[in-house]
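Residue numbers for the sequence shown follow my numbering, so the first one is 453 and each next one is one higher. Have a look at the structure below before the remarks.
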Amino acid sequence: MEYTLTIHALAAEDILEIARWYDLQLAGLGNRFALQLEIALTAIQKNPTAHNKATDETRKAFLKKFPYIIFFQLKENSILICAVIHNRRKPSVMKSRYRKIRKQG
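Now the structure itself:
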């Protein structure tokens with residue numbers, strides 16, 4: 453099955469913020485983060501059900517070499533990337549994110 457992958461605006465903000473932060477730490481590190489993210493997104497798109505469920509509606513994929521988790525929802529042949537969040541953040545951060553996404557429709 454072929455899946456369409458969409459990155460929610462809030463997740464896109466996460467990605468930009470993370471990449472900028474890494475570039476401030478070391479020039480080019482933001483690009484390395486972006487490369488690992490692209491690899492993970494490709495894996496999600498190829499086989500989304502290979503990733504563990506975080507909730508009934510959400511799955512999660514871990515980035516290699518960076519301490520971040522990609523949270524996404526799978527509906528039929530559509531994948532929505534909801535967030536990219538540091539793996540040490542509290543679960544309440546994701547709950548808040550899903551509430552915002554639901555309100556936006």
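Backbone N, C-alpha and C fix where the C-beta goes; we use that ideal spot for every residue, glycine too.
### Query
Which residues in the same chain as alanine 513 place their Cβ atom closer than 8 Å to its Cβ, once the five residues preceding and following it in sequence are excluded?
Within the sequence shown, numbered from 1, the residue matching residue 513 stands at position 61. A distance below 8 Å between beta-carbons, with the five flanking residues on each side excluded, links alanine 513 to the following residues of its chain, in chain order: Ala492, Ala495, Ile496, His503, Ile521, Ile522 and Phe524.
### Query
Given arginine 472, which residues of its chain have a CB within under 8 Å of its CB, disregarding the five upstream and five downstream residues?
Numbered from 1 along the sequence shown, position 20 holds the residue referred to as residue 472. Scanning its chain for C-beta atoms nearer than 8 Å, with the 5 sequence neighbours on each side dropped, one finds around arginine 472 the residues Gly482, in chain order.
### Task
Classify arginine 511 as helix, strand or coil using the three-state DSSP reduction.
Locating residue 511 in the sequence shown gives position 59, counting from the first residue. In the structure shown, arginine 511 sits in a strand (DSSP, three-state: E or B).
#### Entry: Range of the contiguous beta strand (DSSP E) that encloses leucine 532
The residue you call residue 532 lines up with position 80 of the sequence shown. It spans 530–538 - the beta strand (DSSP E) in which leucine 532 sits, taken as one unbroken run.
### Message
Quick check on phenylalanine 485: does DSSP put it in helix, strand or coil?
### Response
Within the sequence shown, residue 485 is the residue found at index 33, counting from 1. Correct three-state label for phenylalanine 485: helix.
### Query
What is the DSSP secondary structure of tyrosine 550, counted as helix, strand or coil?
As a first step, residue 550 must be located in the sequence shown, where it is residue number 98. The three-state reading of DSSP puts tyrosine 550 in helix, counting H, G and I together.
### Query
In terms of residues, what are the limits of the beta strand (DSSP E) holding leucine 462?
The residue labelled residue 462 in the question sits at position 10 within the sequence shown. Secondary structure note for leucine 462: it is in no beta strand (DSSP E), and the uninterrupted alpha helix (DSSP H) holding it is 461–477.
### Which listed residue (Ala463, Ile531 and Pro519) has its alpha carbon closest to that of tyrosine 455
Along the sequence shown, read from residue 1 onward, the residue named residue 455 stands at position 3. The shortest Cα separation from tyrosine 455 among Ala463, Ile531 and Pro519 belongs to Ile531.
### Task
Kindly indicate which three-state DSSP category lysine 527 falls into: helix, strand or coil?
Position 75 of the sequence shown, counted from the start, is the residue given in the question as residue 527. In this structure, lysine 527 counts as strand in the three-state DSSP scheme.
### Task
On the DSSP bridge assignment, give the partners of isoleucine 522 in chain order.
To locate residue 522, count along the sequence shown from 1; it is residue 70. Isoleucine 522 is bridged to Ala513 and Val536.
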